[in-house]
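Contents: one structure, followed by commentary.
Protein chains: 6
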Amino acid sequence: MSTIKPIEYRDGSAKVRAVFDDIKRTRQLEDVNNFWKYLANDPTTLKRTWESVKQVMAPGALDPLVKELIYLAVSVTNGCGYCIASHSAAAAKAGMTPQQFAELMAVVGMANETNRLANGYRVPIDPAFES
Amino acid sequence: MSTIKPIEYRDGSAKVRAVFDDIKRTRQLEDVNNFWKYLANDPTTLKRTWESVKQVMAPGALDPLVKELIYLAVSVTNGCGYCIASHSAAAAKAGMTPQQFAELMAVVGMANETNRLANGYRVPIDPAFES
Amino acid sequence: MSTIKPIEYRDGSAKVRAVFDDIKRTRQLEDVNNFWKYLANDPTTLKRTWESVKQVMAPGALDPLVKELIYLAVSVTNGCGYCIASHSAAAAKAGMTPQQFAELMAVVGMANETNRLANGYRVPIDPAFES
Amino acid sequence: MSTIKPIEYRDGSAKVRAVFDDIKRTRQLEDVNNFWKYLANDPTTLKRTWESVKQVMAPGALDPLVKELIYLAVSVTNGCGYCIASHSAAAAKAGMTPQQFAELMAVVGMANETNRLANGYRVPIDPAFES
Amino acid sequence: MSTIKPIEYRDGSAKVRAVFDDIKRTRQLEDVNNFWKYLANDPTTLKRTWESVKQVMAPGALDPLVKELIYLAVSVTNGCGYCIASHSAAAAKAGMTPQQFAELMAVVGMANETNRLANGYRVPIDPAFES
Amino acid sequence: MSTIKPIEYRDGSAKVRAVFDDIKRTRQLEDVNNFWKYLANDPTTLKRTWESVKQVMAPGALDPLVKELIYLAVSVTNGCGYCIASHSAAAAKAGMTPQQFAELMAVVGMANETNRLANGYRVPIDPAFES
Numbered sequence: 287m288s289t290i291k292p293i294e295y296r297d298g299s300a301k302v303r304a305v306f307d308d309i310k311r312t313r314q315l316e317d318v319n320n321f322w323k324y325l326a327n328d329p330t331t332l333k334r335t336w337e338s339v340k341q342v343m344a345p346g347a348l349d350p351l352v353k354e355l356i357y358l359a360v361s362v363t364n365g366c367g368y369c370i371a372s373h374s375a376a377a378a379k380a381g382m383t384p385q386q387f388a389e390l391m392a393v394v395g396m397a398n399e400t401n402r403l404a405n406g407y408r409v410p411i412d413p414a415f416e417s
Numbered sequence: 287m288s289t290i291k292p293i294e295y296r297d298g299s300a301k302v303r304a305v306f307d308d309i310k311r312t313r314q315l316e317d318v319n320n321f322w323k324y325l326a327n328d329p330t331t332l333k334r335t336w337e338s339v340k341q342v343m344a345p346g347a348l349d350p351l352v353k354e355l356i357y358l359a360v361s362v363t364n365g366c367g368y369c370i371a372s373h374s375a376a377a378a379k380a381g382m383t384p385q386q387f388a389e390l391m392a393v394v395g396m397a398n399e400t401n402r403l404a405n406g407y408r409v410p411i412d413p414a415f416e417s
Numbered sequence: 287m288s289t290i291k292p293i294e295y296r297d298g299s300a301k302v303r304a305v306f307d308d309i310k311r312t313r314q315l316e317d318v319n320n321f322w323k324y325l326a327n328d329p330t331t332l333k334r335t336w337e338s339v340k341q342v343m344a345p346g347a348l349d350p351l352v353k354e355l356i357y358l359a360v361s362v363t364n365g366c367g368y369c370i371a372s373h374s375a376a377a378a379k380a381g382m383t384p385q386q387f388a389e390l391m392a393v394v395g396m397a398n399e400t401n402r403l404a405n406g407y408r409v410p411i412d413p414a415f416e417s
Numbered sequence: 287m288s289t290i291k292p293i294e295y296r297d298g299s300a301k302v303r304a305v306f307d308d309i310k311r312t313r314q315l316e317d318v319n320n321f322w323k324y325l326a327n328d329p330t331t332l333k334r335t336w337e338s339v340k341q342v343m344a345p346g347a348l349d350p351l352v353k354e355l356i357y358l359a360v361s362v363t364n365g366c367g368y369c370i371a372s373h374s375a376a377a378a379k380a381g382m383t384p385q386q387f388a389e390l391m392a393v394v395g396m397a398n399e400t401n402r403l404a405n406g407y408r409v410p411i412d413p414a415f416e417s
Numbered sequence: 287m288s289t290i291k292p293i294e295y296r297d298g299s300a301k302v303r304a305v306f307d308d309i310k311r312t313r314q315l316e317d318v319n320n321f322w323k324y325l326a327n328d329p330t331t332l333k334r335t336w337e338s339v340k341q342v343m344a345p346g347a348l349d350p351l352v353k354e355l356i357y358l359a360v361s362v363t364n365g366c367g368y369c370i371a372s373h374s375a376a377a378a379k380a381g382m383t384p385q386q387f388a389e390l391m392a393v394v395g396m397a398n399e400t401n402r403l404a405n406g407y408r409v410p411i412d413p414a415f416e417s
Numbered sequence: 287m288s289t290i291k292p293i294e295y296r297d298g299s300a301k302v303r304a305v306f307d308d309i310k311r312t313r314q315l316e317d318v319n320n321f322w323k324y325l326a327n328d329p330t331t332l333k334r335t336w337e338s339v340k341q342v343m344a345p346g347a348l349d350p351l352v353k354e355l356i357y358l359a360v361s362v363t364n365g366c367g368y369c370i371a372s373h374s375a376a377a378a379k380a381g382m383t384p385q386q387f388a389e390l391m392a393v394v395g396m397a398n399e400t401n402r403l404a405n406g407y408r409v410p411i412d413p414a415f416e417s
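Those protein sequences? They're chains A, B, C, D, E and F, same order as listed. If you're matching positions, the first sequence starts at 287 in the working numbering and goes up one per residue. If you're matching positions, the second sequence starts at 287 in the working numbering and goes up one per residue. If you're matching positions, the third sequence starts at 287 in the working numbering and goes up one per residue. If you're matching positions, the fourth sequence starts at 287 in the working numbering and goes up one per residue. If you're matching positions, the fifth sequence starts at 287 in the working numbering and goes up one per residue. If you're matching positions, the sixth sequence starts at 287 in the working numbering and goes up one per residue.
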């Protein structure tokens, strides 16, 4: 197996093209991102992942911008370079302002800090949080 | 050094009491959580951490509930048991509904999945995300 | 200390050369990977790490391809760019097919997702798993 | 929102019961694990997660035991207590021997170690891994 | 929001310049690192983060070199590329020798390995560690 | 495979007893910790891990206390409960004072925070760090 190559629309199977078409229609894009072009090497995972993302990111009790902020918070915590770039763009498209980005980063940073303080001090869970 | 013990208000120094008082006033609590009682073993870190959290979590371009959801998303990603318990409670107090919690978890789970798919497929960043 | 430089065979000490020779012989390579050339800055760690990897990755109750898949699963989860590249190559050399890679990624992605769902829902361990 | 409670079969909606029935049938179990009972608080995520897991863990180019080993490798790397317990049990049920478990742990440990050595020494990717 | 740009001293607000001046004075640098130039997009986080780092990294019960080694250990564990580069440089400036770096990496690698062995074998905490 | 059980000295093979004896002699302990009793289920990994830990933690360019602090920093970052407990005890035995513990935690927390700020702001590495 050599390095994985992206699959462009013109080279995709019918199954891949159907997913790409749905991504483009749903997100009003001219072309899909590299993420989907690479996943297209496995049409089954491409289709399952897209359908899951589509369901999870649809407007619901949380609005789409909040969902994008959460996606970015996780990606930053995990240090996934591709995901940080793509979800920063997605959040911006969903309306994230520079000030909202700044506050998001501040919260993510602080949570990562206090997570470790709680670990290190071995803080037991307060009974009030268990009821 | 034996196992760290929590410091109760009555046993705290003036510096510790001042922080505890501010936490209780700001959050309208009768007592502070275990997290702060353990941090009180280091009054300097207690004071700095509280003042940072207070600044970061104050209403701003993002509302307090959204900030709590982000805090919880990070804590779940990191697997910090204490933090998941305490920030689930904090988010609920800030108004998180069961449906919002469910959607938060769905987004956090999906982001953790696609972060690894992007890593594993070694997806290069789209030029459009760099401009 | 300036940036660490790789140590080539011709510049290595007798201890370094002995390890490089064993790596090349064991893995039937013309030259060792960058990983070993950088570790060669610390011959003690080079030797210990190689001997550990050699022992751990030898055929046993698990065959070498399965061990490479597991190595890759960990590297993808941790987001180690070098390790993903080198162990993708190693797995391919050990016989991993594109379909096996695709299934590996699907499992790794799903495990990272459900790990966080279990964390976030604070699921207690079933008694049946403890016996 | 108080602490999340598991949902038993008798208390589940038709949608929840249908998923539980499919899990029990597919895995030949008398009852579903706590993981599914907690996820049942969000029937949409329950259904999507189960269908995804079912697809991903089905026999394919990798056999079910190998898939369980990979799942466990990820769970151990992430330190998810529930997942380690449940997937240790699942792997044992799929035929994992104590010797295979021991080798799995040895590989997971070594991969976590060398991932950090590669990070710390800032090892550049070998050109051979990019072709 | 387009990609974030660094803010140079000449373009900074009075608040940003004051922080940059304090960093340069404290660390005896001609210019601040990129980290601070990017954080300057959010002067409040810039100021808070610098003041926190300054307090935390000051000589105390641990000397500055030991603190830098710890910072680097965390950054390597998390796989933060920027942080590994900047804190390797900072540790070298604080006096870290190549041999100390080598031993640091060896400890970090081993800790990451045994952390996972402890997870995977589900080792219970010894009563002696709880007293 | 049922849940893994610890192996006591009296039940160990000659190979296991030899490792236990060396641990007790080296660390001047009456009995080994649970970690080693669980690893004893795989005598090969037990022996390799102990010999690696013994080599890595021996006095060198870094003194034993500093090495223990680094071990604890990694364990806290990873959230390994067993490791935090055992290495807190080991660090205390090596002379860690409460004030040193407090400073260690402050550095670990801050590093985890700034790692994510660097990730999120996508800070490029300064050319000065590459020379």
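For every residue, glycine included, the Cβ atom is placed at its ideal position computed from N, Cα and C. This one's a predicted model, so the numbers in the text were calculated from it and none came from an experiment.
For a contact meaning CB atoms closer than 7 Å, what does residue i contact in chain F?
i, result
"Thr289(C)", "Glu416, Ser417"
Which class does residue i belong to by DSSP, given the choice of helix, strand or coil?
i, result
"Ser338(C)", "helix"
"Glu389(D)", "helix"
"Thr363(F)", "helix"
"Tyr407(D)", "coil"
"Ser372(D)", "helix"
"Arg296(F)", "helix"
"Pro345(E)", "coil"
"Ala380(A)", "coil"
"Met287(D)", "Residue confidence is low: Met287(D) scores 49 on pLDDT, short of 50, so the model does not pin down where it sits. Its coordinate-derived value is still stated next. Looking at Met287(D) - three-state DSSP - the assignment turns out to be coil, as it is neither helix nor strand."
"Asn401(E)", "helix"
"Asp308(E)", "helix"
"Glu416(A)", "coil"
"Lys333(B)", "helix"
"Val319(F)", "Note on residue identity: the sequence assigns Asn, not Val, to residue 319(F). DSSP places Asn319(F) in coil when its eight states are reduced to three."
Give me the chain C residues within the contact set of residue i, using Cβ-Cβ distance strictly less than 7 Å, ordered along the chain.
i, result
"Leu403(B)", "Met391, Gly395"
List, in order along the chain, the chain C residues whose C-beta lies closer than 8 Å to that of residue i?
i, result
"Ser338(F)", "Arg334, Ser338"
Am I right that residue i and residue j are in contact with their C-beta atoms under 8 Å? What's the rounded C-beta distance?
i, j, result
"Pro329(A)", "Lys301(A)", "5 Å"
"Arg282(D)", "Gln341(A)", "Since the first residue of chain D shown is 287 and the last is 417, residue 282(D) is not available in this structure."
"Ala397(D)", "Ser361(C)", "6 Å"
"Leu390(B)", "Ile356(A)", "6 Å"
So which residues on chain F does residue i lean against when the C-beta distance must stay under 8 Å?
i, result
"Gly298(B)", "None at all; the shortest Cβ gap to chain F is about 15 Å."
For a contact meaning CB atoms closer than 9 Å, what does residue i contact in chain A?
i, result
"Thr331(E)", "Ala388, Glu389, Met391, Ala392, Gly395"
Closer than 8 Å by beta-carbon distance: list the chain A residues that pair up with residue i, in chain order.
i, result
"Thr400(B)", "Phe321, Thr335, Val339, Cys369"
List, in order along the chain, the chain D residues whose C-beta lies closer than 7 Å to that of residue i?
i, result
"Tyr407(C)", "Ile290, Tyr324, Leu325"
In chain E, which residues lie with their C-beta within 9 Å of the C-beta of residue i?
i, result
"Pro384(A)", "Met287, Ile290, Asn327, Asp328"
Residues of chain F with CB closer than 9 Å to the CB of residue i, please, in chain order.
i, result
"Ala375(E)", "Asp412, Ala414, Phe415"
Taking Cβ-Cβ distances below 7 Å as the criterion, which residues of the segment 316–328 of chain C are in contact with chain E?
Asn327, Asp328
Along the segment 341–369 of chain C, where does the CB come closer than 9 Å to a CB of chain E? Name the residues.
Val360, Asn364, Gly365, Cys366, Gly367
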